[in-house]
Each structure stands twice: as C-alpha cells, then as structure tokens.
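Below: the structure, in structure tokens.
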Amino acid sequence: MDNCGTCARRLKPKFHKTNSTLLFKMADVVDEVIMDSDENEEILPKTTEELAEAKKETGNRLYKIKNYRTALQYYNEAVELCPEQASYYGNLTACLMMLGRYDEALKNARKSVQLDPDFIKGYIRIAKCGIALGDLVTANAAIEKIKELQQNDQSVIASEVRSLEKLKQFENEYLKAYEKGDFRKVVYCMDRCLDEAPTCNRYKLIKAECLAFLGRFQEAQEMANNILRMNKSDAEAIYVRGICLYFEDNIDTALQHFQQVLRFAPDHGKAMSSYKKAKALKVKKEEGNDAYKNCRFQEAVRLYTEALEIDPFNKKTNAKLYFNRATALARLTKTKEAISDCTAALKLDEGYLKALLRRAKCYMDIGEYEDAVRDYEKVYKFEKSKENKCLLENAKAALKRSKRKDYYKILGITRSAGDDEIKKAYKKRALIHHPDRHANASEEERKEQEKKFKELGEAYGVLSDPKKKARYDNGQDMEDFDGGAADIDPSQVFQTFFNGHGQEFSFGGYPGTFSFQFG
C-alpha cells in the first residue's frame, strides 16, 4: 500500500485542537502499540501525523488478509487525521475498488492527484475506475496523463490500455447495431464490454433494455432488479422494468414506472416516448372494447385498427388487439377476415388459446373442417378440458361428414327438408339426369349423367328411409350398416318411385328398362 513520507513536513501537530473523538481514536492506537511492544511500555504517538500513520499501517495489515471492510474504517480514520496526504486517499481508493464501490473510489482517486499532481498510482486507479464504470473519457484522460508523467515506462498501464481499446471498439459497434435495431448484436457487444468492466451498470442496463426488445423479459427484469436493490432511484433500471411490463401487456403498471422515471429524470426521452405510446394504446383499446360491448362492431374494428398502428413492436398487446378485431369481424360475418386476424395474433403469440379457439370456430363456420380439427387439437394439447375435447370430437365428426357425399346437396335441399320435399326434389332431378335422356350425348356427358343419376338414387334411398337418414345425420358411416348406400340400385329406386305414383315411362338402353309417359 501507499506510504506517507511527507505528512509530518506538511502539518505541525496541534493537540490543543483535538476533539474528544480523536482522543478516543488515539487511545485505540495506543492500545495496539502497547500490545505490539516487546517491553510492554507505553509508547504514545506524539503527533496527529504519527497517529494517522499508525491507522494506515493497521489498515494495510487488514487489507493484506482481504478484510477490506475493516481496513476501510482505518483508512478513513487516517484520512480524517491527515486530510492533505495523497497516499492515504490512494489506500482508501484501493480498498473501495476491492469492495466494488467504484464511484466512491474514483472520487478519492481524483482527490489524491489533486493533492499530488505527480501521484502515478492515483492516475492508474482513476483509469481502472473509469474502465470499471464504463467512463471511457475519464479512463482515457488518466492514461494520457500517465504517459506524460512516465514516458520511459508505460508497462504499468498496459492492461488498462488494452481494456480501453476493447471498450471503445465494442461501444462503437453497439451504437451502430442499436441504430439499426439489431438488438442481438447489442447484447453481444455489451457482453464483451462487461468482460472488461463487469460492474458497469450502464452496460448492464443497455443489455437489459435490448433483452426486453428481444422478448427475454425475465432476464431483463432480473438485471434491472439487481441494480435497484443497490439504488432504488436508478432511473434507467426503473425504465427497463417499465418496458418489460409494457411489452408483457401490463400497461397500467408500465405507465406508473415511466412516470416514476420522469420524476427522477424529466428529460428521459425513451421513458417519455414509451409513456406516450403506452397511454395511447390503453385509451384506444378501451375505446374499442367499449364500442364492441355496445354492439358497434364496425366502429370497434376501426378503433382496434388504429390501436394496431401505435406500436408494431408490442407483440403481446397487438396479439390481443388482433384477436379483439377478429371477434368484432366475426360478429359482422366477415369470417375470412376474422381468420386472418386470428392468424396474425397467433404469429405474435403462438400460445394464445383464445385466438386458436376463435379461428377454429371460424373454420367450422365456413366448412374448413381439416383446419378446424388442426386448431382444436392444438387447443386440447394446451388445455385438456372436457369442453375442449368435445369441440375436437365435434370437429372430427364434421370432417368425417364432409368427406361423405352430401345427399342434401345432391337433391338440392336443406337438412331440415321433410319427406315431401325430399320426394319432390328426387322426382325433379331424376327426370333431368336419367341416362336415356342423354343417349345421343357424347360419351363423357353420358358418363357424367349416369353418375349424377346414381347419386340421386343413393341420396333418395338414404334420406327416404328414417333409420338410414338418422344414421347419416349423426355422421355414421353408411357402409358400416346392412343395406348401406352402396347396395342401392338407382334404377330400382327410380322404377319403384314412379310406379308407386301411378306413372309409366319408356326408356331403352338402360338396365331396368320400363315405359315412360309424361302426364
């Protein structure tokens, strides 16, 4: 540690001005000296300077065994006793650095060179503190001063010079990356800076901010919280916590954080910008929700659209806005647009269960059953409830039905059609598509008409039989039962139907030929 060789020459002892506290401190040192004395005789320091030197020596012994906290007390006492001695501030600086208290260490290092402008160790410690704090201007100035004072041997600052150059390099790269929005590169640059200056809060908070921009909120919050434990009024740390809350759609609490930052630092541009965006999002979203609740769906769509334009980087909030707009669009029967909005919401938040459910329902509404099944399977994977299982099973049944022939569609009727409507529909279409009516058509056309005629027979055979119709309506496979659709002879159905109604028709060239007469 630094030694005092000039203190006695600078100050004359003035015991008559020593206060009671100082006398007690002197007594402590006297006890020490007595214990260390071989002859166990009382040796009293005769001057304040001698007492300060004794305090410093005790601090040095404690420093060597790494008892820095206790050593710090003795170094402080030495400074109090001899406040004009540069080396005492040097000892105090070194001890504070070992405790990681670089801000205080820097102040004391500056005091040491103020007292002794040629104090090399003081400038070295200023450089070290500047690097530790990420204060490159301070570190650079100290290094230049050392070069000036010690032109023949600059090896004492070789390590600091290398660290400073690395910090300059990565700070320059981080600024370019930040400007481009390349936040992963910024995190990388800050990690390299922290390799050289592991206690620098500025670097930690720049990294934390970019982690928040990358969606790594927990890491960002932990870094900010660690700093706030040491300093509850650190505006940058509070700002980082605020943006984490903002991006997690905790808008109200985020607003409180931004307001707190602005109380501590009224000119904090990022906090002001974030506050304005958060406030605008909150207001516009609430207006949209109010319009929806009052069944003003078109207005709700417009308001949610405006909200989505405020901050494209707030994924969580925007996912909810897309979902809300999809819900309003669905109420306006704009189903495909609603599906697009649900898809947009899921791109921003792939675990958004409500958006999956809404999109699946929309797919069901437009008959896209495969897509509906796919979404309901994801829903059930996320949340294995009875309700979700039922939705999935219903979608699967609908998909299975969709792959069968739609007998209602073939006959041109709705699912609510009664027996009379089924008969009328069959009669009308069977007369149109009977193959003998198209005997002179091309082979391709005849095959097409035969196919349609057969489907008509199948449709009528199933829908006119109450048991088969019930099974069909319940989504059961007709081929699993005796007398299924495949066993229905369309010409027999035709003949039975028209003979049963007292009409005769004459068709030739088709199996089951019989006479035909128009009534």
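In this text, residue positions in the sequence shown follow the UniProt record's numbering: the first is 1, and each later residue adds one.
Backbone N, C-alpha and C define an ideal beta-carbon position, used for all residues, glycine too.
The structure displayed is predicted, hence computed values, not measured ones.
1. Go ahead and pull the three-state DSSP assignment for phenylalanine 313.
2. When burial is assigned at 16 or more other CB atoms within 10 Å of the CB, is isoleucine 366 buried or exposed?
3. Which residues bound the alpha helix (DSSP H) around threonine 414?
4. At a cut of 8 Å, does the region 102-119 reach the region 178-191 through at least three beta carbon pairs?
5. Quick check on the DSSP output: the alpha helix (DSSP H) that includes threonine 253 runs from which residue to which?
6. Lysine 316 and glutamate 248 - do their beta-carbons sit closer together than 8 Å?
7. Out of Gly475, Tyr426 and Leu81, which has the shortest C-alpha to C-alpha gap to leucine 456?
8. When you compare the CB positions of alanine 330 and alanine 345, do they come within less than 8 Å of one another, or not?
9. Rounded to whole angstroms, how far is the Cβ of residue 530 from the Cβ of tyrosine 239, which I believe are closer than 8 Å?
10. Hey, is the region 377-386 in contact with the region 436-443, meaning 3+ C-beta pairs nearer than 8 Å?
11. Quick one: what's got a C-beta closer than 6 Å to alanine 398's C-beta in the same chain, skipping five residues either side?
12. What residue range is occupied by the uninterrupted alpha helix (DSSP H) comprising threonine 70?
13. Do three or more CB pairs link the region 413-428 to the region 373-383 at distances below 8 Å?
14. Assuming isoleucine 157 is part of the alpha helix (DSSP H), what are its boundary residues?
15. Could you pull out every unbroken alpha helix (DSSP H) segment of at least 4 residues lying fully inside the UniProt repeat "TPR" (353-386), listed in chain order?
16. Whole angstroms are fine: how far does the CA of cysteine 210 sit from the CA of glycine 134?
17. Output the distance between the C-alpha atoms of tyrosine 408 and leucine 348, rounded to the nearest integer angstrom.
18. Can you check which of these residues, Ala338, Gly412, Val373 and Arg101, is closest to arginine 358 by C-alpha distance?
19. Flag this pair as yes or no: are the beta carbons of cysteine 200 and cysteine 189 separated by less than 8 Å?
20. Thinking C-beta only, is alanine 139 closer than 8 Å to glutamate 171?
21. Are glutamine 150 and isoleucine 120 closer than 8 Å when you measure CB to CB?
22. For the alpha helix (DSSP H) containing arginine 192, list its first residue and its last residue.
23. Helix or strand or just coil, what does DSSP make of glutamate 306?
24. Please name the residue, chosen from Phe453, Leu431 and Asp406, that lies closest to aspartate 473 on a Cα-to-Cα basis.
25. Take methionine 98 and list the residues in its own chain whose beta-carbon comes closer than 7 Å to its own, dropping the five residues that flank it on each side.
26. To the nearest whole angstrom, what separates the beta carbons of isoleucine 143 and leucine 164, a pair I think is in contact under 8 Å?
27. Could you give the DSSP three-state label for lysine 473: helix, strand or coil?
28. Use the C-beta contact count for asparagine 314: other C-beta atoms within 10 angstroms, 16 or more gives buried, fewer gives exposed.
29. Quick check on the DSSP output: what are the complete alpha helix (DSSP H) runs of length 4 or more inside the region 416-457, in order along the chain?
30. Relative to the alpha-carbon of lysine 454, which residue among Leu228, Glu50 and His434 has its alpha-carbon at the smallest distance?
31. How big is the Cα-Cα spacing for arginine 289 and lysine 204?
32. Going by the CB atoms, is the gap between leucine 167 and isoleucine 206 shorter than 8 Å?
Taking the geometry as given:
1. Within the sequence shown, numbered from 1, the residue matching residue 313 stands at position 313. In this structure, phenylalanine 313 counts as coil in the three-state DSSP scheme.
2. Working through the sequence shown from its first residue, we reach residue 366 at position 366. Exposed, by the Cβ-count rule.
3. The residue labelled residue 414 in the question sits at position 414 within the sequence shown. Careful: threonine 414 lies outside any alpha helix (DSSP H) and carries neither H nor E.
4. no
5. One-based indexing of the sequence shown puts residue 253 at position 253. Per DSSP, threonine 253 belongs to the alpha helix (DSSP H) from 251-264.
6. On the sequence shown, position 248 is the one that residue 248 refers to. On the sequence shown, position 316 is the one that residue 316 refers to. In this structure, lysine 316 lies closer than 8 Å to glutamate 248 by Cβ.
7. Here residue 456 refers to the residue found at position 456 when the sequence shown is read from its first residue. Answer by Cα proximity: Tyr426.
8. Looking up residue 330 in the sequence shown gives position 330. Looking up residue 345 in the sequence shown gives position 345. No, they are not a contact pair.
9. Examination of residue 530 is not possible in this model, given that the chain is present from 1 through 519 alone.
10. no
11. Residue numbering aside, residue 398 sits at position 398 when the sequence shown is read from its first letter. Within the same chain, alanine 398 has close Cβ partners Tyr369.
12. Within the sequence shown, the letter at position 70 stands for residue 70. Run containing threonine 70: 68-81, per the alpha helix (DSSP H) assignment.
13. no
14. Stepping through the sequence shown from its first residue, residue 157 is reached at position 157. Counting along the chain, isoleucine 157 falls outside any alpha helix (DSSP H), and DSSP gives it neither H nor E.
15. 353-365 and 369-382
16. Mapped onto the sequence shown, residue 134 falls at position 134. Mapped onto the sequence shown, residue 210 falls at position 210. The alpha-carbon atoms of glycine 134 and cysteine 210 are separated by roughly 18 Å.
17. Position 408 of the sequence shown, counted from the start, is the residue given in the question as residue 408. Position 348 of the sequence shown, counted from the start, is the residue given in the question as residue 348. Computed Cα separation, rounded: 41 Å.
18. Indexing the sequence shown from 1 puts residue 358 at position 358. Answer by Cα proximity: Ala338.
19. Numbered from 1 along the sequence shown, position 200 holds the residue referred to as residue 200. Numbered from 1 along the sequence shown, position 189 holds the residue referred to as residue 189. No, Cβ-Cβ distance for cysteine 200 and cysteine 189 is not below 8 Å.
20. Position 171 of the sequence shown holds residue 171. Position 139 of the sequence shown holds residue 139. Cβ distance not < 8 Å, so glutamate 171 and alanine 139 don't count as in contact.
21. Along the sequence shown, one-based indexing puts residue 150 at 150. Along the sequence shown, one-based indexing puts residue 120 at 120. Their beta carbons are under 8 Å apart, which means glutamine 150 touches isoleucine 120 by this criterion.
22. Locating residue 192 in the sequence shown gives position 192, where the first residue counts as 1. Unbroken alpha helix (DSSP H) run through arginine 192: 183-196.
23. Within the sequence shown, residue 306 is the residue found at index 306, counting from 1. Glutamate 306 falls in the helix class under three-state DSSP.
24. For the purposes of this step, residue 473 is taken as residue 473 along the sequence shown, with counting starting at 1. It is Asp406.
25. For this step, residue 98 is matched to residue 98 along the sequence shown. So the qualifying residues of the chain are Tyr68.
26. Your numbering for residue 143 matches position 143 in the sequence shown. Your numbering for residue 164 matches position 164 in the sequence shown. Correct: roughly 7 Å between the Cβ atoms.
27. Residue mapping note: residue 473 aligns to position 473 of the sequence shown, counting from 1. According to the sequence displayed, residue 473 carries aspartate and not lysine. Helix.
28. Here residue 314 refers to the residue found at position 314 when the sequence shown is read from its first residue. By the 10 Å Cβ count, asparagine 314 comes out buried.
29. 419-433
30. Taking the first residue of the sequence shown as position 1, residue 454 is located at position 454. The shortest C-alpha separation from lysine 454 is found at His434.
31. Residue mapping note: residue 289 aligns to position 289 of the sequence shown, counting from 1. Residue mapping note: residue 204 aligns to position 204 of the sequence shown, counting from 1. The question names arginine, but residue 289 in the sequence shown is asparagine. Between asparagine 289 and lysine 204, the C-alpha separation is close to 39 Å.
32. Sequence index remark: in the sequence shown, residue 206 carries index 206 (1-based). Sequence index remark: in the sequence shown, residue 167 carries index 167 (1-based). No.
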